[in-house]
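Encoded as structure tokens, the structure appears first; notes follow it.
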Amino acid sequence: MLQQFLQEYARFWQQRDQRERRLLTGGAAVVLLALIYLICFEPAWSGRSRLQKQIPVLRQQVAEIAALQSQYTQLAASVAQFSEPVSREIVEASLATRGIKAQTLNMSDDIVRLQIQAVSYANMMEWLVEAQKSSRLTVEEARFTALPETGQVNVSLTLKQQRGGN
């Protein structure tokens, strides 16, 4: 097949006079140079221009991130200083504000273990968000068991208070 193509090309080339050969060769050279430019040089050139425009913006963003990071470090240190240890009374009071009664509630160091029977899932999740914000309690372990009533669950939680470098 390649052999046949080469023979046809040679026959085509022989049928052209000198002037046509020069024009075809020049046209092929122009097309080849245009392809090389479009494939190799133009993407690099336009990418370089785009990056030169983005560098000042990126430097500004890095400066903003550094400023936010220093603010975060200062705030984290101040919050850790003012975070009082969680107590049984604090947990019971925060549950009571949402109308939730814990069946069992155990406290040890910064760990809170509690079990709640037949509570609204949405109400429980709202309490968890509130406990995280107010007492810095995070969920270590959670088991939710769906009840036949829509939206009602039995909950068993292990929470840990985040303090200082924890």
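Read in order, the letters of the sequence shown correspond to residues 33 to 198 in this note's numbering. The beta carbon of each residue, even a glycine, is placed where N, CA and C say it ideally should be. This structure is a prediction, so every number in the text was calculated from the model and none was measured.
- Distance between residue 106 and residue 97, taken at the CA atoms: about 14 angstroms.
- Taking the Cβ atoms as the reference, residue 146 lies roughly 5 angstroms from residue 189, within the contact range of under 8 angstroms.
- Excluding residues up to 5 positions away in sequence, 192 lie with their Cβ nearer than 6 angstroms to the Cβ of residue 143 in the same chain.
- Per DSSP, the continuous alpha helix (DSSP H) segment holding residue 157 begins and ends at 153-167.
- The C-alpha of residue 91 lies about 31 angstroms from the C-alpha of residue 70.
- Inclusion of residue 56 and residue 48 in the CB contact set at 8 angstroms is warranted, their separation being smaller than that value.
- A buried status is given to residue 127, since no fewer than 16 other beta-carbon atoms sit within 10 Å of its beta-carbon.
- Here the C-alpha atom of residue 37 lies approximately 12 angstroms from the C-alpha atom of residue 45.
- Cβ contact annotation for residue 139 (same chain, cutoff 6 angstroms, sequence separation greater than five): 120, in chain order.
- The beta-carbon distance between residue 151 and residue 185, rounded to whole angstroms, is 6 angstroms. This is short enough to meet the 8 angstroms contact definition.
- Per DSSP, reduced to three states, the secondary structure at residue 192 is strand.
- In this structure, DSSP gives residue 179 a state outside helix and strand, which the three-state scheme calls coil.
- Take the alpha-carbon of residue 158 and the one of residue 130: they are about 9 angstroms apart.
- Following the DSSP letters along the chain, one finds residue 140 inside the beta strand (DSSP E) bounded by residues 136-140.
- DSSP places residue 43 in the uninterrupted alpha helix (DSSP H) bounded by 34-47.
- Residue pairing for residue 145: DSSP places it in a beta bridge opposite 138 and 190.
- By the beta-carbon neighbour count (other beta carbons within 10 angstroms, threshold 16), residue 169 is buried.
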